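What follows is a set of notes on a single structure, which appears directly below.
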Amino acid sequence: MKKALPPKQGFTLVELLIVITIIAILTIIGIVNYSSFNRSARDAKRQSDLKIIQSALEAYHADKIYYPASIPSVGQFAAGNKIYLNEVPEDPLKPRQFYHYVAKDDTGSSCTGDSCTKYCLYAKLEDRVPDSDDGCSPSDPSYNYGVTRP
Numbered sequence: 001m002k003k004a005l006p007p008k009q010g011f012t013l014v015e016l017l018i019v020i021t022i023i024a025i026l027t028i029i030g031i032v033n034y035s036s037f038n039r040s041a042r043d044a045k046r047q048s049d050l051k052i053i054q055s056a057l058e059a060y061h062a063d064k065i066y067y068p069a070s071i072p073s074v075g076q077f078a079a080g081n082k083i084y085l086n087e088v089p090e091d092p093l094k095p096r097q098f099y100h101y102v103a104k105d106d107t108g109s110s111c112t113g114d115s116c117t118k119y120c121l122y123a124k125l126e127d128r129v130p131d132s133d134d135g136c137s138p139s140d141p142s143y144n145y146g147v148t149r150p
């Protein structure tokens, strides 16, 4: 009488290839979602940074009745003995890429001294945002998000 052979244990090559393919697809989907999440988080940080700078500009305006002709790219934003920002925020992706500030007079032209009544503050977002009609058109088209006085 013949003895029955025990069933073979293990996986076939086709089964292994299917599992590897499924794992690869899930990994790719995870990487894409993670990258998108990081871009969105950095853009949210940029928008938050602009709001912080905007608040400092409004405090400056409340004290002086005009906006500064320029603000520092790094370091402290102060006038006289009053500090408006201890540290001007930097772009989260490129520490040496700064937000762009443009002060304007009533006609929308560049200004100096106490003639600055408006401003535009720009950032370079990674994800496209809807165009806003805020009266601020950056000279550098890579700046795609802006805020102005409230």
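Per the UniProt record's numbering, the very first residue in the sequence shown carries number 1; after that it's consecutive.
All C-beta atoms, glycine included, are put in the ideal place defined by N, C-alpha and C.
Treat the numbers as computed from the prediction; the structure is a model and nothing was measured.
Host alpha helix (DSSP H) of residue i (start-end)
| i | result |
| --- | --- |
| valine 147 | Not the alpha helix (DSSP H): valine 147 falls in the beta strand (DSSP E), residues 145–148. |
| alanine 62 | 13–64 |
Cα-Cα separation between residue i and residue j, rounded to whole angstroms
| i | j | result |
| --- | --- | --- |
| valine 102 | isoleucine 28 | 42 Å |
| phenylalanine 98 | glutamine 54 | 15 Å |
| valine 19 | glycine 10 | 14 Å |
| aspartate 106 | tyrosine 67 | 12 Å |
| lysine 94 | lysine 104 | 27 Å |
| glycine 80 | valine 32 | 48 Å |
| aspartate 114 | threonine 148 | 18 Å |
Residue i - containing beta strand (DSSP E), residue span
| i | result |
| --- | --- |
| phenylalanine 98 | Segment: none, phenylalanine 98 is in no beta strand (DSSP E) and carries neither H nor E. |
| isoleucine 83 | 82–85 |
| tyrosine 67 | First-last for tyrosine 67: undefined, no H or E at that position. |
| lysine 118 | 118–123 |
| alanine 4 | Element bounds for alanine 4: n/a, residue is neither H nor E. |
Own chain, CB closer than 7 Å to residue i, minus 5 neighbours either side, in chain order
| i | result |
| --- | --- |
| phenylalanine 77 | Ala56, Ile71, Tyr84, Leu85 and Val88 |
Cutoff 6 Å; reference residue i; Cβ partners in own chain excluding five residues on either side
| i | result |
| --- | --- |
| proline 138 | Tyr122 |
| arginine 140 | According to the sequence displayed, residue 140 carries aspartate and not arginine. Excluding positions up to five away in sequence, the list is empty. |
Whole-number beta carbon distance between residue j and residue i, since they are thought to touch under 8 Å
| i | j | result |
| --- | --- | --- |
| cysteine 136 | alanine 69 | At roughly 16 Å, the Cβ-Cβ gap does not stay under 8 Å, so cysteine 136 and alanine 69 are not in contact. |
Beta-carbon contacts of residue i that lie in its chain and below 8 Å, excluding the five residues immediately before and after
| i | result |
| --- | --- |
| tyrosine 119 | Leu57, Tyr67, Tyr101, Val102, Ala103, Lys104, Thr148 and Arg149 |
*Does the region 45–52 touch the region 106–124, meaning 3 or more C-beta pairs lie closer than 8 Å?*
yes
*Three CB pairs or more closer than 8 Å across the region 32–42 and the region 61–70*: no
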